[in-house]
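Worksheet for the structure shown next.
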Amino acid sequence: MSITLENERKFGGITVAALVDTDVTALAFGSGGVVTGHKYPVAFLFRKNGTTWACRLDGTALSQHEVHLLCPDAWERFGQGG
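Mapping of the sequence shown onto full-length UniProt numbering: position 65 corresponds to residue 65, and the numbering continues sequentially without gaps.
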């Protein structure tokens with residue numbers, strides 16, 4: 001699992017970005033192999049009028065510390081182009 005800050009967008013006076021989980025699995029066998037992967041959002045960051053907040057997909061609020069545990073420095077990078 002690798003969570004990154006991605007897809008920062010501005011909508012009127014609100015900026016939003018996703019914390020995205022990306023995982024790639026590769027299996028080798030004989031002379032072949034299989035590679036699979038997934039990518040999906042786990043949380044969102046928002047900013048309006050200089051105030052930043054975050055939530056999980058179900059709307060549960062996340063603190064700055066909780067965001068840091070998911071993706072170190074994402075809170076600080078948010079608003080700088082992600």
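The beta carbon of each residue, even a glycine, is placed where N, CA and C say it ideally should be.
For residue i, which beta-bridge partners are listed by DSSP?
i: glutamate 66; result: DSSP lists no partner for glutamate 66.
Straight-line CA distance for residue i to residue j?
i: histidine 65; j: aspartate 73; result: 10 Å
i: arginine 77; j: alanine 28; result: 37 Å
i: glycine 82; j: serine 31; result: Unreliable positioning characterises glycine 82 in this predicted model, as indicated by a pLDDT of 44, which lies under 50. The coordinate reading is nonetheless provided below. Whole-angstrom Cα-Cα distance: 40 Å.
i: asparagine 7; j: alanine 18; result: 6 Å
Taking 8 Å as the cut-off, decide whether the C-beta atoms of residue i and residue j are in contact.
i: valine 20; j: threonine 4; result: yes
i: serine 2; j: threonine 22; result: yes
i: leucine 70; j: valine 42; result: yes
i: arginine 47; j: glycine 79; result: yes
Who are the near neighbours of residue i in its chain, counting only those whose CB is closer than 8 Å to its CB and skipping five residues on each side?
i: asparagine 49; result: Gly13
i: residue 109; result: In this structure the chain extends from 1 to 82, so residue 109 is not present and cannot be described.
Leaving out five residues on either side along the sequence, give the residues of the same chain with a beta carbon under 7 Å from the beta carbon of residue i.
i: histidine 38; result: Asp23
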